[in-house]
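Note sheet for the following structure.
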Amino acid sequence: MYAYADHLFSRSTSLPFRPAGCEVSLNMRKTRTSLSADEAAWLMAKTANERDRAAFSALFDFYGPRIKAFMMRSGFPSCAAEELAQETMLLVWKKASSFDVSRASVSTWIFTIARNLRIDRLRRENRPQVQSEPFDPSDQPDEPLTGEAIVISSQRAERIRAALAMLSAEQAEVVRLSFYGDKAQTEIASELGIPLGTVKSRVRLALARLRQILDDLK
Amino acid sequence: MTINHHPSDETLLRYASGTLEPGPRVVVAVHVSGCRACEDRGADFEAIGGSVLEDIEAVELSASALDHMMVRIDAMSGKDSARTVGRKPARAEIGIRLPDVLDNCDVGGWRWIGPGIRFSRVTLPGEPEANVMLLKVAPGRKLPKHTHSGREYMQVLSGSFADARGRYRPGDMDEADSKVEHQPIVDPQAECICIAALEGQMRLRGFFGRIIQPFIG
Chain A
13 MYAYADHLFS RSTSLPFRPA GCEVSLNMRK TRTSLSADEA AWLMAKTANE RDRAAFSALF
73 DFYGPRIKAF MMRSGFPSCA AEELAQETML LVWKKASSFD VSRASVSTWI FTIARNLRID
133 RLRRENRPQV QSEPFDPSDQ PDEPLTGEAI VISSQRAERI RAALAMLSAE QAEVVRLSFY
193 GDKAQTEIAS ELGIPLGTVK SRVRLALARL RQILDDLK
Chain B
18 MTINHHPSDE TLLRYASGTL EPGPRVVVAV HVSGCRACED RGADFEAIGG SVLEDIEAVE
78 LSASALDHMM VRIDAMSGKD SARTVGRKPA RAEIGIRLPD VLDNCDVGGW RWIGPGIRFS
138 RVTLPGEPEA NVMLLKVAPG RKLPKHTHSG REYMQVLSGS FADARGRYRP GDMDEADSKV
198 EHQPIVDPQA ECICIAALEG QMRLRGFFGR IIQPFIG
């Protein structure tokens, strides 16, 4: 898994740029609707090796709107979500050379960057008075992987997709929703009219089933 | 080294999805950094995060989003060399080598909190309220029987202890929720050092609270 070491207690980042998403506009950038894992990996390689802005733009058009959506579902208003999407993609550009296709798929890697920025942002919102240094995840490399632990990332991504497909629709949904945080769980609970504890126990059951399936698929 | 006690899947999912609280996150990170199985499972859960991101219903960015991105990339070039040097953490001499994932944390000296029990406060940068500490318990010492209001996460760094649920050795993580009432006993061969976190910020009730409250209250 991608090491947290550099993000765990990461320092805050400053946001000198105010993205244009803060003003309401009917004129939106076109979202790329599909991108295969191979295409994404190829675009990442072009971005890393050639600093190819066209390749990066293609990644931006696919992932940017999805990161924004992810942040909005995590509870951020549209403006902050767009800002976080920008921050995430800026780090994708900056850290492109540390992307390792044998470790994770492009989507998974970008997810971990977005996840860490979300942690960082929530930390700052909770404690605006704490002054700390700028956040630079490239400070510390991930520790090298060793031998048999390396499962080729595309195999992992396929195995995960297959496993999620074998869960009931409701179980897959509670697992997915837990990525948006407790707020999302509270919302499911009130939507379904069930206690939060019930949502949590559904997550537990879904994970027990997922473990079985994943072990069988190994 | 065989690891027998792991964080639950639920906890690993929260760790991988970035929704675990700061204190527990650090303790789980210590465990994962030394446990191949949990590292692998964590990677599975991160891959779910990747698929969540792929499948989410996208929300369009503003028309000028890419232009902004390029401006920021241009502004960034050439600034790479001006990297800020991290603050040097304050570390007391506590007699053991701590896992690398704690490198950025301040670690206080050992303080006596009861017969045969000492603790050292671990402070995470930017997270002054997270309840993380090292606990050092003398050989053969029985900890007071306790339950907790929040979930307690405890990773063994050296020595070992046992309770009704089994024996916990270096590399093992004990995750006990409020339903667990336990009375760990440190094995007689050596003192036991653990890193522990309680869920919740400054909600120092329960075992750690009772013991530590007089020192920080």
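Residue numbers (the working numbering), protein chains in the order written: chain A, 13 to 230; chain B, 18 to 234.
Glycine included, each C-beta is placed from N, C-alpha and C at the ideal position.
Candidates the options: closest to residue i by CA position
| i | options | result |
| --- | --- | --- |
| residue 203 (chain B) | B:27, B:183, B:88 and B:76 | B:183 |
| residue 72 (chain B) | A:59, A:226, A:78 and A:127 | A:78 |
| residue 183 (chain A) | A:210, A:168 and A:169 | A:210 |
| residue 85 (chain B) | A:201, A:194, A:95 and A:42 | A:95 |
| residue 129 (chain A) | A:88, A:167 and A:168 | A:88 |
| residue 205 (chain B) | B:39, B:197, B:128 and B:178 | B:178 |
| residue 112 (chain B) | B:104, B:127 and B:105 | B:127 |
Residues near residue i by beta carbon distance below 6 Å, same chain, minus five either side
| i | result |
| --- | --- |
| residue 63 (chain B) | 33 |
| residue 171 (chain A) | 229 |
| residue 219 (chain A) | none |
| residue 52 (chain B) | 20 |
| residue 44 (chain A) | 73 and 74 |
| residue 100 (chain A) | 79, 125, 126 and 129 |
| residue 37 (chain B) | 31 |
| residue 47 (chain A) | 74 |
Residue-chain proximity (residue i, chain E), Cβ-Cβ < 9 Å
| i | result |
| --- | --- |
| residue 212 (chain B) | Going by chain labels, chain E is absent from the structure shown, which instead holds the protein chains A and B. |
Cβ neighbours of residue i in the same chain (closer than 7 Å, five flanking residues each side left out)
| i | result |
| --- | --- |
| residue 140 (chain B) | 122 and 123 |
| residue 192 (chain B) | 24, 25, 28, 168 and 170 |
| residue 190 (chain A) | 197 and 215 |
| residue 234 (chain A) | Because residue 234 (chain A) is not part of the residues shown, which for chain A are 13 to 230, the question remains open. |
| residue 99 (chain B) | Its pLDDT being 47, under 50, residue 99 (chain B) is placed unreliably in this model, and the coordinates cannot settle the point. |
| residue 200 (chain B) | 159, 160, 162 and 180 |
| residue 39 (chain B) | 141, 144 and 147 |
| residue 159 (chain A) | Below a pLDDT of 50, predicted positions are generally treated as unreliable, and residue 159 (chain A), at 43, falls in that range; no measurement from the model is reported. |
| residue 143 (chain A) | The predicted position of residue 143 (chain A) is uncertain, since its pLDDT is 46 and thus under 50; a value taken from the coordinates is nonetheless stated next. Excluding sequence neighbours, residue 143 (chain A) sits near nothing in its chain. |
| residue 35 (chain B) | none |
Cβ distance (whole Å) where residue i is taken to contact residue j below 8 Å
| i | j | result |
| --- | --- | --- |
| residue 188 (chain A) | residue 69 (chain B) | 5 Å |
| residue 113 (chain A) | residue 53 (chain A) | 5 Å |
| residue 208 (chain B) | residue 188 (chain B) | About 17 Å separates the two Cβ atoms, so there is no contact after all. |
Distance CB(residue i)-CB(residue j) smaller than 9 Å
| i | j | result |
| --- | --- | --- |
| residue 107 (chain A) | residue 125 (chain A) | yes |
| residue 214 (chain B) | residue 49 (chain B) | no |
| residue 174 (chain B) | residue 47 (chain B) | yes |
| residue 205 (chain A) | residue 82 (chain B) | no |
| residue 134 (chain B) | residue 118 (chain B) | no |
| residue 216 (chain B) | residue 135 (chain A) | no |
| residue 66 (chain A) | residue 56 (chain A) | no |
| residue 79 (chain B) | residue 109 (chain B) | no |
| residue 168 (chain A) | residue 60 (chain B) | yes |
| residue 67 (chain B) | residue 117 (chain A) | yes |
| residue 86 (chain A) | residue 195 (chain A) | yes |
Proximal residues to residue i (C-beta, below 8 Å), its chain only, five neighbours per side dropped
| i | result |
| --- | --- |
| residue 60 (chain A) | 108, 109 and 111 |
| residue 212 (chain A) | 197 |
| residue 81 (chain A) | 93 |
- prompt: Residue ranges of each alpha helix (DSSP H) run of no fewer than 4 residues wholly in the stretch 33-74 of chain A, ordered along the chain?
  reply: Within the stretch 33-74 of chain A, the complete alpha helix (DSSP H) runs of at least 4 residues are 49-62.
- prompt: Unbroken alpha helix (DSSP H) runs of length 4 or more, entirely within the stretch 19-88 of chain B: which are they?
  reply: Listed in chain order, the complete alpha helix (DSSP H) runs (minimum 4 residues) inside the stretch 19-88 of chain B are 26-34, 39-51 and 53-72.
message: To test your reading of the DSSP string, which unbroken alpha helix (DSSP H) runs of 4 or more residues are found completely within the stretch 77-118 of chain A?
response: Within the stretch 77-118 of chain A, complete alpha helix (DSSP H) segments of at least 4 residues are found at 90-106, given in chain order.
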